[in-house]
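**Q** Here's a structure for you.
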Amino acid sequence: MINVLKSIVLGSTFALALAGSVSAASLTVGFSQIGSESGWRAAETSVTKQQAEKRGVDLKFADAQQKQENQIKAIRGFVAQGVDAILVAPVVATGWEAVLQEAKDADIPVILLDRGIDGSPDLYMTMVASDQVLEGKVAGEWLVKQAAGKECNVVELQGTTGSSPAINRKKGFEEAIAGTPTIKIIRSQTGDFTRAKGKEVMEGFLKAESGGKNICALYAHNDDMAVGAIQAIKEAGLKPGTDIKVVSIDAVPDIFKAMADGEANATVELTPNMAGPAFDALEKFKADGTLPPKQIITESKLYTQADDPMKVYEEKKGLGY
Amino acid sequence: MSSRLLPFYATLAIFVLAYGVCVFQFPNMLSTRVAGNLLTDNAFLGIVAVGMTFVILSGGIDLSVGAVIGFTTVLIAVLISWYGMHPLLAFAIALAISTTFGAAMGVVIHYLDVPAFIVTLAGMFLARGMAFVITTDSIPISHEFYTALQGLYLRLPGGGRLTLIGGLMVLVFAFGIVLAHFTRFGSYVYALGGNKTSAELMGVPVARTTVGIYALSGFLAGLAGVVFSLYTSAGYSLSAVGVELDTIAAVVIGGTLLTGGVGLVAGTFVGVIIQGLIQTYIVFDGTLSSWWTKIVVGLLLFAFITLQRLLVVLSDRKRLLRNAPS
Chain A
217 MINVLKSIVL GSTFALALAG SVSAASLTVG FSQIGSESGW RAAETSVTKQ
267 QAEKRGVDLK FADAQQKQEN QIKAIRGFVA QGVDAILVAP VVATGWEAVL
317 QEAKDADIPV ILLDRGIDGS PDLYMTMVAS DQVLEGKVAG EWLVKQAAGK
367 ECNVVELQGT TGSSPAINRK KGFEEAIAGT PTIKIIRSQT GDFTRAKGKE
417 VMEGFLKAES GGKNICALYA HNDDMAVGAI QAIKEAGLKP GTDIKVVSID
467 AVPDIFKAMA DGEANATVEL TPNMAGPAFD ALEKFKADGT LPPKQIITES
517 KLYTQADDPM KVYEEKKGLG Y
Chain B
28 MSSRLLPFYA TLAIFVLAYG VCVFQFPNML STRVAGNLLT DNAFLGIVAV
78 GMTFVILSGG IDLSVGAVIG FTTVLIAVLI SWYGMHPLLA FAIALAISTT
128 FGAAMGVVIH YLDVPAFIVT LAGMFLARGM AFVITTDSIP ISHEFYTALQ
178 GLYLRLPGGG RLTLIGGLMV LVFAFGIVLA HFTRFGSYVY ALGGNKTSAE
228 LMGVPVARTT VGIYALSGFL AGLAGVVFSL YTSAGYSLSA VGVELDTIAA
278 VVIGGTLLTG GVGLVAGTFV GVIIQGLIQT YIVFDGTLSS WWTKIVVGLL
328 LFAFITLQRL LVVLSDRKRL LRNAPS
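Here the protein sequences line up with chains A and B, keeping their order.
Residue numbering for the first sequence follows this note's numbering, starting at 217 and increasing by one per position.
Residue numbering for the second sequence follows this note's numbering, starting at 28 and increasing by one per position.
Quick look at the structure:
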């Protein structure tokens with residue numbers, strides 16, 4: 217008896233709540249974030265919050281502490297709450313069918329940020345991600361322009377062996393320099409995406425190439441390794457940025473400091489602003505029902521010493537990198 | 028008797044109060060959707076917590092359950108996806124292994140007289156290590172039978188869903204309640220946790236009961252693994268890390284005395300749901316850090332351990348007063 221009464225009450229409050237959320241002008245969006253395992257991830261969270269505030273979106277933020285079960289719980293909670301859309305940065309690629317189907321049954325659009333999932337693309341509205349091959353390509357093209365036809369030997373610090381950014385960033389760079397026979401990669405090794413390993417491997421490169429005289433440029437798959445390598449170059453008595461040009465990817469604050477000091481030359485940005493394009497697509501969809509393309513590629517912007525690195529450093533410093 | 032059940036009533040009161048506060052702030056929380064989610068999302072935790080309740084009631088502890096869940100998910104995923112086995116057969120194999128694993132730990136604990144803490148700690152490393160040896164990748168399970176199982180749910184009025192795994196948890200709790208309070212095995216468990224020596228003197232088959240308890244805990248951890256793999260449709264060696272601690276917390280918040288002998292299986296249910304409620308509240312609020320879950324659980328644990336200790340001290344004093352010559 218009590219149960220029956222309860223379910224009647226439950227049903228009516230739920231209907232009321234639904235009606236309330238439809239009439240409200242601003243959007244309520246749930247965001248299930250993986251965690252804050254890296255500086256970039258933390259920056260993505262702060263940029264998402266900023267973007268939501270700027271647009272007057274009521275953002276419900278849930279940090280999953282690197283656990284998929286927490287993400288599934290959060291998504292279910294968002295559905296129960298009746299949010300207008302859900303953003304997810306999936307921690308792993310598998311196991312999303314059931315919960316995303318539930319969101320779909322409730323007519324709540326889901327947008328994936330920064331990583332894809334295995335499963336039917338019908339389960340989400342769109343995916344916002346960077347093009348890792350393009351990032352490598354932009355870095356390569358910059359170097360081709362810099363070398364201007366002169367002979368240039370490049371050493372490469374790869375990311376973690378077998379990881380997709382390492383594979384794709386290498387591929388993109390090689391594609392960009394393929395048409396220029398004067399630019400050659402003479403040494404390439406993994407620096408595991410870390411500062412310490414980047415320094416260590418660069419020391420090895422410098423020793424092997426007669427103190428670094430043969431090396432004209434360094435290409436690092438991320439900024440952290442580049443920062444480590446810059447240290448190694450300085451310790452070897454060479455000037456990073458002049459004797460050996462340094463180009464890397466990610467655009468974390470520290471590399472802008474190095475660029476301001478003239479020790480690094482260029483970086484390609486992996487933008488932490490995945491939410492901006494996602495909100496754009498969502499607002500458009502809510503306004504007139506336009507469905508975005510299944511994949512939205514973020515811009516891979518090139519920053520050089522000419523782009524006032526100190527100013528960018530100040531802007532990025534507070535994002536939590 | 029009633030003072031011994033006080034922690035349980037306290038838990039129940041806290042739960043009702045907390046839910047009331049949640050509903051007052053977010054009326055949406057009073058929906059069958061949230062109720063259904065609480066059951067579905069905490070299904071694996073609830074199932075494994077039933078086993079843990081028996082272990083703790085008997086005065087022991089089982090730290091291996093999280094690792095056993097992780098191992099089971101990987102084993103099932105590999106059997107289905109790599110060897111093309113039917114899921115039901117894979118479930119049977121996984122449950123057989125996890126039950127044997129639990130029983131073996133029980134044997135070591137009883138016959139070698141090693142503290143359960145150490146034995147199950149070793150079991151935890153062993154099971155987690157085995158999962159990593161099989162594979163470190165997250166393996167998707169795509170099988171028609173899985174999709175069918177995941178699609179099974181009872182639609183509740185108001186849009187909520189009682190899923191298969193949520194229903195299974197409720198069944199396991201019902202089974203646990205019957206086993207604890209209406210069978211001989213149940214009374215042996217309570218006797219063992221109350222005082223091992225006097226239990227032995229009373230004729231409780233200590234060896235059989237101990238092995239049975241850890242086998243049950245292993246079986247339910249395996250079942251939780253099955254549920255977890257249904258929940259995420261994948262097997263991953265890093266899944267359910269730290270679940271053993273959440274489980275112990277649920278049991279203690281549910282009013283079971285950590286030293287054994289006192290507690291209710293139903294209390295554990297409330298303990299599990301309280302943890303789920305905190306997480307749901309944080310998602311609904313949307314601005315709190317999710318680590319508040321841990322902080323609140325920590326505070327609750329502390330409060331309950333203090334409460335239990337106070338009750339024990341008070342009842343001792345009462346007994347002393349009663350026995351004092353007047």
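Glycine is no exception: its CB is placed at the ideal position from the N, C-alpha and C atoms.
Since this is a predicted model, take the numbers as computed values, not measurements.
#1: Is the CB of TYR258 of chain B under 8 Å away from at least one CB in chain A?
#2: Beta carbon of PRO508 of chain A, beta carbon of ALA480 of chain A: below 8 Å?
#3: Please report how far the alpha carbon of ASP330 of chain A lies from the alpha carbon of PRO184 of chain B, in whole angstroms.
#4: Measuring straight from C-alpha to C-alpha, what distance separates THR307 of chain B and GLY293 of chain A?
#5: According to DSSP, simplified to helix, strand and coil, what is CYS49 of chain B?
#6: Quick check: the Cα distance between SER380 of chain A and VAL349 of chain A, rounded to an integer number of angstroms?
#7: Nearest CA to the CA of VAL468 of chain A: which residue from A:GLU425, A:ASP439, A:ALA345 and A:ARG271?
#8: Going along chain B, which residues have a C-beta under 8 Å from PHE294 of chain A?
#9: Applying a beta-carbon distance threshold of less than 8 Å, which residues of chain B neighbour VAL308 of chain A?
#10: Which partner residues of SER248 of chain A appear in the DSSP bridge assignment?
#11: Is the Cβ-Cβ distance between VAL295 of chain A and ALA280 of chain A less than 8 Å?
#12: Determine the chain B residues that contact LYS320 of chain A at a beta-carbon separation under 7 Å, and present them in chain order.
#13: For the segment 114 to 186 of chain B, list the beta strand (DSSP E) runs that are entirely contained and at least 3 residues long, ordered along the chain.
#14: How big is the Cα-Cα spacing for GLN297 of chain A and GLU313 of chain A?
#15: What's the call for THR20 of chain B, buried or exposed, on a 16-neighbour Cβ count within 10 Å?
#16: Let's see if you can read the secondary structure: which residues bound the alpha helix (DSSP H) around ARG331 of chain A?
#17: Name, in chain order, the residues that DSSP records as bridge partners for VAL371 of chain A.
#18: PHE277 of chain A touches chain B at which residues, Cβ-Cβ below 8 Å?
#19: In chain order, what are the residue ranges of uninterrupted alpha helix (DSSP H) at least 4 long that sit wholly in the segment 481 to 512 of chain A?
#20: Which stretch, first to last residue, makes up the alpha helix (DSSP H) that contains SER3 of chain B?
#21: Do you know offhand how far GLN282 of chain A's Cα is from GLY97 of chain B's?
#22: Between which two residues does the beta strand (DSSP E) carrying ALA345 of chain A extend?
#23: The beta strand (DSSP E) with ILE300 of chain B in it runs from where to where?
#24: The beta strand (DSSP E) with ILE410 of chain A in it runs from where to where?
#25: To which residues of the same chain is TRP358 of chain A closer than 7 Å at the C-beta, ignoring the five residues directly before and after it?
#26: Could you check the C-alpha separation between VAL270 of chain B and ALA445 of chain A for me, to the nearest Å?
#27: Taking 8 Å as the threshold, find out whether the segment 156 to 171 of chain B comes into contact with the segment 98 to 106 of chain B through three or more Cβ pairs.
#28: Assuming THR38 of chain B and GLY298 of chain B form a contact by the criterion Cβ under 8 Å, report the distance between their Cβ atoms to the nearest whole angstrom.
#29: What in chain A is Cβ-close to GLN52 of chain B, meaning under 7 Å?
#30: Just how far apart, CA to CA, sit LEU326 of chain B and ALA267 of chain B?
#31: To the nearest angstrom, how far is the alpha carbon of ALA130 of chain B from that of ALA123 of chain B?
#32: Evaluate GLY414 of chain A with the Cβ neighbour count: other Cβ atoms within 10 Å of its Cβ, from every protein chain shown; 16 or more gives buried, anything less gives exposed.
#33: Does DSSP put VAL231 of chain B in a helix, in a strand, or in coil?
#34: Quickly, what does DSSP pair GLY262 of chain B with across the bridge? List them, please.
#35: Among B:ARG31, B:VAL48, B:PHE71 and B:PRO34, which one has its Cα closest to the Cα of LEU304 of chain B?
#36: Is the CB-CB distance between ALA345 of chain A and ILE465 of chain A below 8 Å?
**A** Walking through what the data contain:
#1: yes
#2: Going by C-beta atoms, PRO508 of chain A is not nearer than 8 Å to ALA480 of chain A.
#3: 37 Å
#4: 6 Å
#5: helix
#6: Rounded to whole angstroms, SER380 of chain A to VAL349 of chain A spans 10 Å at the Cα level.
#7: A:ASP439
#8: VAL310
#9: SER165, ALA261 and TYR263
#10: In DSSP, SER248 of chain A forms a bridge with A:ALA278 and A:VAL304.
#11: no
#12: Under the 7 Å cutoff, chain B gives no residues; its nearest Cβ is about 13 Å from LYS320 of chain A.
#13: 180 to 182
#14: 20 Å
#15: The question about residue 20 of chain B has no answer, for chain B in this structure spans 28 to 353.
#16: From DSSP, ARG331 of chain A is part of no alpha helix (DSSP H); its letter is neither H nor E.
#17: When beta bridges are read from the DSSP output, VAL371 of chain A appears opposite A:ARG403 and A:LEU434.
#18: GLY313 and THR314
#19: 491 to 504
#20: Shown here, chain B extends from 28 to 353; a query on residue 3 of chain B therefore has no answer.
#21: Straight-line spacing of the CA atoms in GLN282 of chain A and GLY97 of chain B works out to 15 Å.
#22: 342 to 345
#23: From DSSP, ILE300 of chain B is part of no beta strand (DSSP E) but of the alpha helix (DSSP H) over 292 to 312.
#24: Correcting the residue identity first, residue 410 of chain A is Thr in this sequence and not Ile. Note, THR410 of chain A: premise wrong, no beta strand (DSSP E); not H, not E.
#25: VAL463, ALA482 and LEU518
#26: 41 Å
#27: yes
#28: 6 Å
#29: Neighbours of GLN52 of chain B on chain A: none; closest Cβ ~12 Å, over 7 Å.
#30: 22 Å
#31: 11 Å
#32: buried
#33: coil
#34: B:ILE166
#35: In this structure, B:VAL48 is the residue among B:ARG31, B:VAL48, B:PHE71 and B:PRO34 with its C-alpha nearest to the C-alpha of LEU304 of chain B.
#36: Taking 8 Å as the Cβ cut-off, ALA345 of chain A and ILE465 of chain A do not qualify as a contacting pair.
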